[in-house]
Amino acid sequence: MRRVRILVFVGVCALLVTGCGAANSIVNPKGSEAKSIAGIWWVAFGLATFVYVVVSGLIIYAITRGHRKGARTSGLRENSFIWVGGVIVPVLILAVIAVLTVQTTASLRAASPDELHIDVTGKLWWWGVRYPASGIVTANELHLPAGQPVDIHLTSDNVVHSFWVPQLAGKEDVIPGQPNDLRFTAKTVGTYIGECAEFCGLQHAHMGFRVVVQTPADFGRWVARRQIAPSEPVSDEAAKGATIFDAQACAGCHTIRGTSANGKVGPDLTDFGSRPTIGAGALENNQQNLEKWIRDAPAIKPGTAMPSFRSLSEGDIAAITAYLESLK
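FYI, in numbering that gives the first Met the number 0 the residues of the sequence shown are 0 to 327.
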């Protein structure tokens, strides 16, 4: 019986540790804040494991002792055990976790003089992203330089959301009328998946975003490219698509820098062709999916503010698709 319990415990621990290297896991940190949070998690996990082992051992001991004839323990010894095991040890464990949590929380909120400031606004159901210093506006994707502290200024223009990139930082609520700041430093180059961690309505599950951490040189090149308005369409089909885009309601809802499209309802599409997904993660960004999205977005993402354009011909939809895919 004892061997069975030990084997079960070892198996559970093995399963937990197996998931520690998984992508998008809080215990696979790639940022300063996530690393601090993971440190507290490991301390709590270690203490919980210690308590589990001790309690399990005592249960096994009590079971086996119960079969011994004449086994007795003094009342003084039992009282001491209750005080130590039931009061002193739990207080010490909780005190250790409390001190670590308070110290870590205070250090995470400290501002840095060389922070990169980014404004992120929670929408229904997507994320607006703006870089105040460079004037870059995009959606559902943040680019960060590795090694530089960032300050993400979070707000919402509708309901409460929660901004969470598990491998880079902890959750931060996104509240209308109450801006919050999330500070961290991304350490490792790569692409990290983020999500809304607060139920916000019909399309809560389709409110994802990506954080692309680049070397400082690559980030600088990305900024330089995004500060230049998209070039004129090079193909006849893309040029036709630009004309249709301006003539339809598209230009009244979306902005494309350097054109007459200056809408504020939907995401800025200036760099749409370089984004990996459509509709904040609803679809992969490719020609076939984009045509489906333009034709009938509400059928793919019910509740979205984008109307359907089923009245457009297949040729017009293909032209708009060619135009939007050229925006890089």
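We put the CB at the ideal spot given by N, CA and C, even for glycine.
Within the DSSP secondary-structure output, GLY189 pairs in a beta bridge with VAL212. Bounds of any beta strand (DSSP E) do not take in PHE49; it lies within the alpha helix (DSSP H) bounded by 31-64.
With respect to the 8 Å criterion, GLY265 and LYS327 are not classified as neighbours on the basis of their beta carbons. At a Cβ-Cβ threshold of 8 Å, ILE255 and THR276 do not count as neighbours. If you draw a straight line from the Cα of GLU32 to the Cα of ASP156, it comes to about 26 Å. Annotated as distal: VAL211 and THR184, with beta-carbon spacing of 8 Å or more. The C-alpha of SER161 lies about 15 Å from the C-alpha of LEU201.
Residue pairing of ASN261 in beta bridges, as defined by DSSP: THR254.
Three or more beta-carbon pairs drawn from the stretch 297-311 and the stretch 112-130 are found closer than 8 Å, and the two stretches are therefore classed as touching. Considered as a whole, the stretch 148-206 harbours 148-155, 160-163, 171-173, 179-184 and 189-195 as its complete beta strand (DSSP E) runs of no fewer than 3 residues, in chain order.
In this structure LYS29 is buried. Its beta-carbon is surrounded by 16 or more other beta-carbon atoms within 10 angstroms. Here the alpha carbon of ARG220 sits roughly 26 Å from the alpha carbon of TRP163.
When the five nearest sequence neighbours on each side are left out, the beta carbons in the same chain lying within less than 7 Å of the beta carbon of ILE319 are those of GLY240, ILE243, PHE244 and ILE293, in order along the chain. At the C-beta level, ALA260 and ALA250 come within 8 Å of one another. Between LEU167 and VAL119, the CB-CB gap reaches or exceeds 8 Å. For ARG182, the closest alpha carbon among the candidates THR137, VAL50 and SER106 is that of SER106.
Secondary structure of PRO306 (DSSP, three-state): coil. By the Cβ-count criterion, SER230 is exposed, with fewer than 16 other Cβ atoms from all chains shown falling within 10 Å of its own Cβ.
Classified as buried, ASP267 has 16 or more neighbouring CB atoms from the shown chains inside 10 Å of its CB. With a beta-carbon spacing of about 6 Å, PHE208 and GLU140 fall inside the 8 Å limit used to define contacts.
Contact annotation: SER325 and PRO175 have beta-carbon atoms that are not nearer than 8 Å. For VAL136, no alpha helix (DSSP H) segment is defined; the enclosing uninterrupted segment is the beta strand (DSSP E) at 135-138.
The beta carbon of ASP315 sits closer than 6 Å to the beta carbons of ILE243 from its chain, once the five residues preceding and following it are set aside; these are given in chain order.
Measuring C-alpha to C-alpha distances from LYS34 to each of LYS291, GLY280 and THR187 identifies THR187 as the nearest.
Boundaries of the beta strand (DSSP E) around TRP126: 126-130.
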